[in-house]
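Visitor: When you line the sequence shown up against numbering that gives the first Met the number 0, it's residues 0 to 123, in that order.
Built from N, CA and C at the ideal position, the CB exists for glycine as well.
For reference, the structure I am asking about is given below.
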Amino acid sequence: MTSVEVSLKTLLTEAEGALGAAVVDYTSGMALGTLGGGKHLDLNVAAAGNTDLIRAKVRTMELLGLKSEIEDILVTLGTQYHLIRPVTGRSGNGLFIYLVIDKARSNLAMARHLLRRTEEQLEV
């Protein structure tokens with residue numbers, strides 16, 4: 000099991016093209032930890048905005064009567080991929096991991112694999 004800080008460091012060093020990562024509480028919209036980002040990628044603002052995205056998807060699934068759980072959400076921009084992975088398990092209920100990678104320098108499949116592994120090992 001790994002802490003939030005170690006998980007974020009692992010994501011930024013192992014995900015090729017990583018620009019920033021955060022662990023977020025989607026009940027409050029607050030980031031429990033962030034790493035990376037910059038002038039044009041405010042991870043705290045992104046954490047709050049992506050909280051709305053997660054809530055909307057959960058609400059839509061409830062309205063549709065879908066019993067499945069969200070594995071991840073992918074937002075594709077012109078030059079970036081934004082990946083959101085809800086944390087499952089007892090310690091992660093209400094949390095998600097957010098990873099932003101450069102589209103030209105990354106491997107989306109490997110980033111998703113790394114997110115899954117990080118989510119499984121995260122301990123809050």
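Are the beta-carbon atoms of TYR80 and LEU52 separated by less than 8 angstroms?
Guide: Mapped onto the sequence shown, residue 80 falls at position 81. Mapped onto the sequence shown, residue 52 falls at position 53. At least 8 angstroms separates the beta-carbon of TYR80 from that of LEU52.
Visitor: Could you say which of LEU34, ASN49 and THR12 lies nearest to VAL3 if we only look at CA atoms?
Guide: As a position in the sequence shown, residue 3 is number 4, starting the count at 1. Checking every option, the nearest Cα to that of VAL3 belongs to LEU34.
Visitor: Using the Cα positions of ILE72 and ARG111, report the straight-line distance between them to the nearest angstrom.
Guide: To locate residue 72, count along the sequence shown from 1; it is residue 73. To locate residue 111, count along the sequence shown from 1; it is residue 112. Between ILE72 and ARG111, the C-alpha separation is close to 10 angstroms.
Visitor: What do you reckon, are the CB atoms on VAL5 and LEU94 nearer than 8 angstroms?
Guide: For the purposes of this step, residue 5 is taken as the residue at position 6 of the sequence shown. For the purposes of this step, residue 94 is taken as the residue at position 95 of the sequence shown. Contact flag unset, no.
Visitor: Could you say which of LEU113, VAL99, LEU62 and ALA14 lies nearest to ALA46 if we only look at CA atoms?
Guide: Mapped onto the sequence shown, residue 46 falls at position 47. Cα-wise, what sits closest to ALA46 is VAL99.
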